[in-house]
Amino acid sequence: MWNDKKVVKVLEILADYTASWNRPYVERVGEKRDPFQLLIACILSLRTKDEVTARAARNLFSQASTPASLLTLDEKKIAQLIYPVGFYRKKARTIRDISLILLKKYNSRVPDNWEGLLSFPGVGRKTAALVLSQGYGKPAICVDTHVHRITNRWGLVKTKNPEETEKALMEIVPADYWQKINPLLVIFGQRTCKPISPFCSACPLRKDCQKVGVTIHR
DNA sequence: AAAACGGGGGC
DNA sequence: GCCCCAGTTTT
């Protein structure tokens with residue numbers, strides 16, 4: 222059964238296994254760029270793949286990368302820059318709305334706490350957690366679909382609700398590993414523990430995994 | 001051609 | 001809890 226020691230061991234196996242792989246764009250943004258760009262990249266990444274997000278974000282940031290400079294672009298222009306992420310009109314609007322609130326109420330500084338982040342339009346627990354953990358180095362568990370899917374496959378958690386996954390993980394994962402989970406499971410989820418046709422035969426954890434919801438096994 | 005994919009919000 | 005949002009990728 223799962224306990225804190227087993228979780229840590231699994232995370233270390235995965236860190237080894239994925240050590241030489243390129244890191245995803247969004248989960249890497251916080252290491253190199255400011256929380257604002259990380260936040261905007263998170264908005265772009267909603268329901269869109271990492272590579273598409275990366276192209277859109279670089280495109281957008283080449284034109285404007287602060288709340289004030291983004292506000293000089295109208296929604297149409299932003300939409301054009303971030304195409305073809307899904308929901309690009311809605312996201313263009315959200316990006317402007319967030320920029321305006323930041324400029325007016327936060328002196329252009331992204332909040333570093335749950336309450337502040339969750340008060341923004343288009344920001345839910347996943348985005349807030351990623352900004353906290355990757356942008357500010359605070360201990361938050363960011364449950365995106367990779368984390369949700371993979372921990373359920375393992376049998377570490379058993380729920381359809383990402384918020385319950387977050388709670389369950391907070392119970393069992395030592396706090397100094399909270400920030401590592403998301404980047405690690407995202408990279409692992411993109412290349413091995415994929416939503417469809419996961420490469421179970423190449424997975425270092427295949428013996429322990431309960432393969433919950435695995436669609437096609439090869 | 002059709003199904004799968006991925007967060008948040010509004011109801 | 002259910003459904004919508006709009007595009008790309010995979011089958």
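With my numbering applied, the first sequence closes on residue 439, and no number is skipped along the way. Even for Gly, the Cβ is constructed at its ideal location relative to N, Cα and C.
Sub-8 angstroms separation of residue i and residue j beta-carbons
i: T386; j: V368; result: yes
i: P360; j: W335; result: no
i: W373; j: G307; result: Here residue 373 turns out to be Asn, not Trp, going by the sequence shown. Contact: no.
i: L302; j: N280; result: yes
i: P404; j: T413; result: no
i: E488; j: V407; result: With the chain running from 222 to 439 in the structure shown, residue 488 is simply not present.
i: G410; j: I371; result: yes
i: I316; j: I234; result: no
i: V273; j: A262; result: no
i: E296; j: R268; result: no
i: P425; j: Y309; result: no
i: D225; j: P395; result: yes
Neighbourhood of residue i by C-beta distance below 8 angstroms, restricted to the same chain and skipping five residues each side
i: L377; result: W223, V228, A389, L390 and I393
i: G345; result: L339
Rounded straight-line distance, which links the Cα of residue j to that of residue i
i: F257; j: D397; result: 24 angstroms
i: P245; j: K325; result: 32 angstroms
i: Q355; j: L260; result: 10 angstroms
i: L339; j: R276; result: 26 angstroms
i: P305; j: K312; result: 11 angstroms
i: S329; j: I417; result: 40 angstroms
i: D429; j: A285; result: 47 angstroms
i: F341; j: K230; result: 37 angstroms
i: L323; j: V331; result: 7 angstroms
i: K432; j: D318; result: 41 angstroms
i: A236; j: K415; result: 17 angstroms
i: W375; j: A278; result: 33 angstroms
i: A423; j: A240; result: 15 angstroms
Residue i (DSSP reduced to helix, strand or coil)
i: G307; result: coil
i: A361; result: coil
i: L339; result: helix
i: G376; result: coil
i: R370; result: helix
i: Q431; result: coil
i: T269; result: coil
i: T315; result: helix
i: T348; result: helix
i: V394; result: coil
i: I299; result: helix
i: I264; result: helix
i: W399; result: helix
i: R279; result: helix
i: T293; result: coil
i: C424; result: coil
Cβ-based neighbour list, residue i, same chain, cut-off 7 angstroms, excluding 5 preceding and 5 following
i: K401; result: L232
i: S266; result: V247 and T274
i: A349; result: W335, L338 and L339
i: T287; result: F257 and S329
i: F282; result: Q258
Own chain partners of residue i with C-beta closer than 6 angstroms, once the 5 adjacent residues on each side are dropped
i: Y357; result: D333
i: L291; result: A285 and S320
i: D365; result: K347
Residue i: CB within 7 angstroms of a non-hydrogen atom of the ligand SAM
i: V231; result: By its list of ligands, the structure shown contains no ligand whatsoever, and the ligand SAM lies outside what it can speak to.
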